[in-house]
Amino acid sequence: MRQEKNYQVEVDNFSSQSFDEIALAFTRNSTPITQILHQFNVPASSVVIFDLGPCSDVKQYAVSGLVGGERKFTTGDVDADPVGCDDIVTIRDSALAVHRNVR
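So the working numbering is basically just the index in the sequence shown, starting at one, shifted up by 759.
Shown next as structure tokens:
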């Protein structure tokens with residue numbers, strides 16, 4: 760029996776902004792509790808990958824970037840794609856524009 764693929768969200772910081780923290784909050788279909796994953800000290804021009812567990816169990820997620828405790832961007836709530844299971848969130852300099860692509 761083949762194991763189910765895990766849902767991954769890649770955050771590409773293509774901006775000139777460094778972040779003290781990139782946080783990803785997500786919910787699962789199997790539990791109502793929101794879980795939060797963190798990556799600290801994210802420099803400009805870097806990539807962070809979050810593994811959220813089995814694709815079919817991921818319901819929704821949101822990514823935020825923080826500097827000095829202040830949120831500089833957020834994706835807002837994103838419904839998970841149980842078929843694609845790999846999303847890319849790209850941060851750019853134009854007023855910290857955030858774009859989401861599904862692989």
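Using N, Cα and C, we set each Cβ at its ideal position, and we do this for glycine too.
| query | result |
| --- | --- |
| Opposite Pro841 in the DSSP bridges: which residues? | Its beta-bridge partners do not exist; DSSP assigns none. |
| For Tyr766 and Thr786, what's the separation of their Cα atoms in angstroms? | 12 Å |
| Going straight from the alpha carbon of Glu780 to that of Val822, what length do you get? | 10 Å |
| Does the stretch 843-854 touch the stretch 784-799, meaning 3 or more C-beta pairs lie closer than 8 Å? | no |
| By how many angstroms is the C-alpha of Ala782 removed from the C-alpha of Glu769? | 12 Å |
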